[in-house]
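Novice:
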Amino acid sequence: MKEKLTAKFFITLFIGVVLLFISSSLGDKIINEPLWLILLVFFLSAIITYGLVKKFFTINNEEKKETAVNSFFLGIIWLSIAAAVTFIFLAPIRFSMVMAASTHPEKIVACDIKSFHKKAKNKKKRLWYEFNGHTNKKKITMSDYRKLAEGRNSKQYKIYLTVKESLFSTHVIKHYEIKE
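Just so you know, we're using the numbering used here here: the sequence shown kicks off at 7 and counts up by one.
(1) Between T176 and Y56, what straight-line distance do the alpha-carbon atoms span, to the nearest angstrom?
(2) Could you tell me which of V169, P40, L85 and V24 sits nearest to V115, measuring between CA atoms?
(3) Give the secondary structure of I146 by DSSP, where H, G and I count as helix, E and B as strand, and everything else as coil.
(4) Per DSSP, W134 is paired with what?
(5) Smallest Cα separation from G22: which of L80, S51 and I94?
(6) Keeping to the same chain, check which residues put their C-beta closer than 7 Å to that of F132; ignore five residues upstream and five downstream.
(7) Please identify the residue among S77, L46, F62 and L80 whose C-alpha is closest to the C-alpha of T92.
(8) Start and end of the beta strand (DSSP E) containing S181?
(9) State the DSSP-derived secondary structure class of T109, mapped to helix, strand or coil.
(10) For I184, is the beta carbon positioned less than 8 Å from some heavy atom of the ligand MG?
(11) Taking the alpha carbon of I54 as the reference point, which residue from L41, A88 and W42 has its own alpha carbon closest?
(12) Which one of W42, I44 and W84 has the shortest CA to CA distance from K61?
(13) Are I37 and L167 touching if we call contact CB-CB under 9 Å?
(14) What do you get for N112, buried or exposed, if any count of 16 or more other CB atoms within 10 angstroms of its CB means buried?
(15) Determine the extent of the beta strand (DSSP E) in which L167 is found, giving its start and end residues.
(16) Of the choices L43, F20 and V59, whose alpha-carbon is the least far from that of M103?
(17) Between I184 and K153, which are expected to be in contact by the criterion C-beta below 8 Å, what is the C-beta distance as a whole number of angstroms?
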């Protein structure tokens, strides 16, 4: 019985990690994802995970004493699990946004680059750009980062996005290019 529970736990964990990876990779392709949607999914995740956290992480004594420290750590565990479950639930939503965009025509939009940076050596490179009045961020390649860094003071670069309209007034990036 215990071996079956362990196998189910690791299978569930593996599926969760795969969905987290899918959700994070699709999140960079979707522009102007509504904040209300993310908060709604987080709220639902928090409700679902609250009972599970209380059941599995509370010591079952006859008195069920909860100190302030125990409550604090339970809160941290609960919020962490709720955040992970939020991204797991966002994966199919983001995938449906990408699928809904496939029926719309492509358009090319030129956006002003607000800023860019690299976190550390050989780490993530990002840029921030303006799209329909909203600032968005995009992961960029090392060659694009070098192009921007070399022309930092002398050239005005723009990011050209090939996008398709999707659900909830979002857009899905199909391709991007950085040009003067």
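Even glycine gets a Cβ: it sits at the ideal position worked out from N, Cα and C.
Specialist: If we stick to the structure as given:
(1) Taking the straight line from one Cα to the other gives about 31 Å.
(2) The shortest C-alpha separation from V115 is found at V169.
(3) coil
(4) S121 and K143
(5) I94
(6) The question names Phe, but residue 132 in the sequence shown is Arg. The answer, listed in chain order, is F122, H123, K143, K144, K145 and I146.
(7) L46
(8) At residue 181 the sequence reads His, which differs from the Ser that was named. Element bounds for H181: H177 to K185.
(9) coil
(10) The ligand MG is not part of this structure, which contains no ligands at all.
(11) A88
(12) Checking every option, the nearest Cα to that of K61 belongs to W84.
(13) yes
(14) According to the sequence displayed, residue 112 carries Glu and not Asn. So E112 ends up on the exposed side.
(15) Counting along the chain, the beta strand (DSSP E) containing L167 begins and ends at K164 to E171.
(16) L43
(17) Taking the Cβ atoms as the reference, I184 lies roughly 6 Å from K153, within the contact range of under 8 Å.
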